[in-house]
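For the sequence shown, our numbering gives the first residue as 1, with consecutive numbering after it.
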Amino acid sequence: MIPSPRLSIVIPARNEEFELGATLDSVRRAGDALGQPWECIVVNDGSTDRTADIAREHGARVLDVEIHNIGAVRNAGARAALGDRLVFLDADTRLPSETLISAWEAMENGAVGGGAGVEFEELTGPVRILAAMFAFFWLRMCRWAAGCFIFSTRQAFESVGGFDE
C-alpha cells in the first residue's frame with residue numbers, strides 16, 4: 001500500500017508547455033530527496049497547448065479548471081490536495097531540493113508557512129545583478145513575498161481562508 005502523501009505540491013499552469021517539463025523534473029528530484037510521501041498536482045487553467053499532457057507524462061495529477069485567477073486556481077489545487085503540508089510553486093520555477101527540504105524542516109519545527117527568494121537562471125553578468133537588486137529592494141520596500149514558492153501547513157492555510165480570489 002502506498003502511504004498517503006504528507007506533502008502536496010500545487011502548480012497552477014496555463015499554457016506552460018515550454019516550462020512545465022523542467023519544473024516537474026525539478027519537483028521529482030526535490031520530492032525524492034525529501035524522503036517523505038508527496039504528491040504533485042498541476043492545476044491546468046484552461047490551457048490550449050500541451051500543458052496537461054506534459055503534466056501527466058511526468059506523473060502529476062491534473063486538475064482541469066477554467067478560472068483565470070491565480071488565487072482561485074491555487075485554492076482549487078489546495079482543495080484537491082491530500083497532504084497536511086502545502087507547497088505552491090509556479091509552473092516556470094525550478095525547485096532546488098534544499099529549498100523543499102528547508103521548507104519541510106521549518107514546518108516540522110513549528111513554522112506555519114513561508115517562502116523563498118528568487119534567482120534568475122537565464123540572466124548573466126550585470127543584468128543578473130541589476131535584476132537581483134531590483135527584486136530584493138522592490139520586495140523589501142513593498143513588503144511582498146515572491147509568489148513562485150510558498151509553503152504552508154494545511155491548518156494555517158485553511159484558517160486564513162486560502163488565497164484571495
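Note that the Cβ used here is the ideal one computed from N, Cα and C, for glycine as well.
Beta-carbon separation (whole angstroms), residue i vs residue j, contact threshold 8 Å
| i | j | result |
| --- | --- | --- |
| Asp168 | Gly21 | This structure cannot settle anything about residue 168, because the visible part of the chain is limited to 1 through 165. |
| Gly71 | Glu165 | 5 Å |
| Arg61 | Glu17 | Wrong, their Cβ atoms sit about 18 Å apart, outside the cutoff. |
| Leu7 | Arg85 | 5 Å |
Buried versus exposed call for residue i [16 or more other C-beta atoms within 10 Å across all chains shown]
| i | result |
| --- | --- |
| Asp64 | exposed |
| Ser4 | exposed |
| Gly83 | buried |
| Leu130 | exposed |
| Glu39 | buried |
| Asn109 | exposed |
Alpha-carbon to alpha-carbon, residue j and residue i
| i | j | result |
| --- | --- | --- |
| Val42 | Ala78 | 11 Å |
| Gly114 | Ser47 | 29 Å |
| Glu105 | Val160 | 22 Å |
| Asp53 | Leu24 | 12 Å |
| Gly162 | Pro126 | 38 Å |
| Asn69 | Ala80 | 17 Å |
| Arg154 | Val112 | 9 Å |
### Query
Does the segment 76 to 90 come within contact of the segment 1 to 20, defined as at least 3 CB pairs closer than 8 Å?
yes
### Query
With contact counted as at least three CB pairs below 8 Å, one residue from each stretch, are the segment 33 to 49 and the segment 93 to 112 in contact?
Yes, since at least three Cβ pairs between the segment 33 to 49 and the segment 93 to 112 fall closer than 8 Å, the two stretches touch.
#### Entry: Segments assigned beta strand (DSSP E), at least 3 residues, entirely inside the segment 62 to 93
85 to 89
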